[in-house]
Amino acid sequence: MFVKEGSDFVILAEKVNKAVVEACQCLNLFDDQLRKVMHSLKIGMEQGLKKGTPPGVGLRMIPSYVRGIPNGSEVGDFLALDLGGTNFRVLLIRLKGSEAEIKGKIYEIPVSIQQGTGEKLFDHIAECIALFSNEQLGRTKNKLPLGFTFSFPLKQEGLTRARLITWTKEFNASGCVGEDVAQLLSQACKRRKDVEIDVVAVLNDTLQPTATASTVKITFFIYRPFDREVAQTRTSKASVFSLNAE
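In UniProt numbering, the protein residues as written are 1 to 246.
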């Protein structure tokens, strides 16, 4: 089909394109504006790191208690649970030094469970872990080491202890805010009696890609393993600092 130049269709298209360009102008950031954003973020992070900073001032700089990142020498079988939305993943990861074999499955969390009780939520998760474990490993009495990625605001109290600060997204399960999510998961698995787990780490989705990037830095050299951001529906950042940093 040929459209004659100057036709109503072409004129309309030009007007629409011009309107779109004008509407998007506010999204264009110049260097001086980006520098202001960088400066504000730097100040916010410094305030968040300082002792005695009042609540609500600066950015939340929450410690992860992770003191090292993978170096390619790790071996063994591990379970991983990635919870952060309507669907969650359960993974079996077989580490063989510089190589890894990964098998996984995605499970759904119905809205009624997302917004029900915390016990029902974690019972549902435990059921899916048990099903996946039995499919991949058969029934075993051995405790399975599990890394728990919990993509909600957490107050870390240790590598294996983290309390939920608040629910986000569609989640609003009762009885969870202020509770240790690793304990909630472990207790749910114990109630089933057909799967035993040992939560060896709790982390959020900010730290998760930092650890992932560190394992692929040889192949993907553009990654910066000590400095990783997540920019999706929100922006998060994970950085490594010296333990004696002020």
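From the three backbone atoms N, C-alpha and C, an ideal C-beta is built for every residue, glycine too. On a predicted model such as this, the values are computed, not experimentally measured, just so you know.
Any chain B beta carbon closer than 9 Å to Thr-149: Of the protein chains in this structure there is only one, and it is not chain B.
Within 9 Å, strictly: CB atoms of Leu-81 and Ile-129: In this structure, Ile-129 lies closer than 9 Å to Leu-81 by Cβ.
Enclosing beta strand (DSSP E) for Leu-164 [first to last residue]: 161-164 is the extent of the beta strand (DSSP E) around Leu-164.
Beta-carbon gap between Lys-103 and Leu-91 smaller than 9 Å: In contact: Lys-103 and Leu-91 (Cβ atoms closer than 9 Å).
Selection from Lys-169, Lys-36 and Met-61 that minimises the alpha carbon distance to Glu-46: Closest by alpha carbon: Met-61.
Segments assigned alpha helix (DSSP H), at least 4 residues, entirely inside the stretch 116-198: Listed in chain order, they are 118-137 and 181-192.
Alpha-carbon spacing of Ser-186 relative to Asp-198, whole angstroms: Going from the Cα of Ser-186 to the Cα of Asp-198 covers about 8 Å.
With 16 other Cβ atoms within 10 Å as the buried cut-off, status of Ile-125: By the C-beta density criterion, Ile-125 is buried, having at least 16 other C-beta atoms within 10 angstroms.
C-alpha distance - Ser-40 paired with Leu-144, whole-angstrom precision: Between Ser-40 and Leu-144, the C-alpha separation is close to 44 Å.
Residue 255, buried or exposed, once every other Cβ within 10 Å from all chains shown has been counted against 16: Lying before the first or after the last residue shown, residue 255 is absent from the chain, which here runs from 1 to 246.
Alpha helix (DSSP H) segment containing Gly-44, residue limits: Residue range 31-49 is occupied by the alpha helix (DSSP H) that includes Gly-44.
C-beta atoms of Val-57 and Asn-134 nearer than 9 Å: Pairing Val-57 with Asn-134 gives a Cβ-Cβ distance that is not under 9 Å.
For Gly-97 and Gly-72, believed in contact at Cβ under 8 Å, the rounded distance: The C-beta separation of Gly-72 from Gly-97 comes to about 6 Å, placing the pair in contact by the 8 Å criterion.
Cutoff 6 Å; reference Phe-78; Cβ partners in own chain excluding five residues on either side: Only Ile-93 and Pro-145 meet the Cβ criterion.
Length of the line joining the Cα atoms of Asn-142 and Lys-42: Asn-142 and Lys-42: Cα-Cα distance of roughly 46 Å.
Euclidean distance between Cα positions of Gln-132 and Arg-139: The amino acid occupying residue 132 in the given sequence is Phe; Gln does not appear at that position. Cα to Cα, Phe-132 sits roughly 11 Å from Arg-139.
Pair within 9 Å by beta-carbon distance, Leu-164 and Gly-178: In this structure, Gly-178 lies closer than 9 Å to Leu-164 by Cβ.
Per-residue DSSP class, three states only, for Ile-113: Correct three-state label for Ile-113: helix.
Proximal residues to residue 275 (C-beta, below 7 Å), its chain only, five neighbours per side dropped: With the chain running from 1 to 246 in the structure shown, residue 275 is simply not present.
Residue from Arg-35, Gly-68 and Cys-24 whose Cα sits closest to the Cα of Phe-241: Taking only the C-alpha atoms, the option nearest Phe-241 is Gly-68.
Proximity of Phe-152 and Gly-84 at Cβ, strictly below 9 Å: It is a contact, given that the beta carbons lie within the stated cut-off.
Candidates Tyr-107, Phe-171 and Pro-70: closest to Gln-115 by CA position: Minimum Cα distance to Gln-115 is reached at Phe-171.
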